[in-house]
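Encoded as structure tokens, the structure appears first; notes follow it.
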Amino acid sequence: MGGSGGSGWTLLESVARIISESFGLTLIFPDHRGTGLSTVLGCDDSDSQTITTDCITYLTSKWGIDGLSQFSITAAVHDLSVQIQSYQIDHPGRISIYGMSYGTLWLDRFLQIYPILIQSAVMDGVVNPYLVSLSRYDLWASAIALQFLTYCQTDPDCSRYFPVD
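The opening residue of the sequence shown carries number 912 in this note's numbering; numbering runs sequentially from there.
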């Protein structure tokens, strides 16, 4: 789960390079309401993202206050819980959520509302833009993911949940 304004699907290609199919994980890339493959929350009929007073007027007239409240982080949390519960019907087992950047806020809210729906969570915090170049992020994330999965192979409890075979 990542940044507001961005689609979870934008991570698909980079994650596929980092996490091998041999790890046996099913990955779900949710879109926050208003982004990606969901209904776009645009400021005009062309889905402009420039926020102005005209944008606020347009959105309020199109959705109303109650409608706009459905684009909240809490609504997105409920959407994710439905996805997880639907998936578990045919695929029972351990569920873990990884949230990075804005996804840490989404995950924090998720854990407040659904504290026992998942078995583990990783919050990969918001980075300081003066200290970190996002152009190298995939290298750092890959190294961390590989360290974790390598460790997991040697730890019986961890490898039970993330088996290599």
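Just so you know, even glycine gets a beta-carbon here, dropped at the ideal spot from N, CA and C.
This one's a predicted model, so the numbers in the text were calculated from it and none came from an experiment.
Nearest neighbour of residue i, chosen from the options [CA to CA]
i            : options                  : result
residue 974  : 1061, 954 and 962        : 954
residue 1001 : 922, 937 and 927         : 937
residue 1026 : 1007, 942 and 1013       : 1007
residue 1004 : 1018, 968, 1030 and 1019 : 1030
Residues near residue i in its chain [Cβ-Cβ closer than 6 Å; skip 5 each side]
i            : result
residue 1073 : 1063
residue 1033 : 1009
residue 1035 : 1011
residue 925  : 1049
residue 966  : 954
residue 948  : 942
Within 7 Å, strictly: CB atoms of residue i and residue j
i            : j            : result
residue 929  : residue 1053 : yes
residue 997  : residue 1028 : no
residue 988  : residue 1021 : yes
residue 1017 : residue 1055 : no
Closer than 6 Å: residue i CB and nearest the ligand GDP heavy atom
i            : result
residue 1035 : No copy of the ligand GDP occurs in the structure displayed, which carries no ligand at all.
Other residues of its chain near residue i: CB distance less than 7 Å, five sequence neighbours each side excluded
i            : result
residue 1068 : none
residue 982  : 944, 945 and 952
N-terminal and C-terminal residue of the alpha helix (DSSP H) that residue i is part of
i            : result
residue 956  : Counting along the chain, residue 956 falls outside any alpha helix (DSSP H), and DSSP gives it neither H nor E.
residue 1000 : 984–1001
residue 1014 : 1013–1024
residue 923  : 923–929
Residue i in three-state terms, based on DSSP
i            : result
residue 972  : helix
residue 1075 : coil
residue 1031 : strand
residue 1008 : strand
residue 947  : coil
residue 960  : coil
residue 1036 : coil
residue 1066 : coil
residue 939  : coil
Own chain residues within Cβ distance below 8 Å of residue i, not counting five before or after
i           : result
residue 971 : 979
residue 990 : 941 and 944
Any chain C beta carbon closer than 7 Å to residue i
i            : result
residue 1024 : Structure shown: chain C not included; a single protein chain is present.
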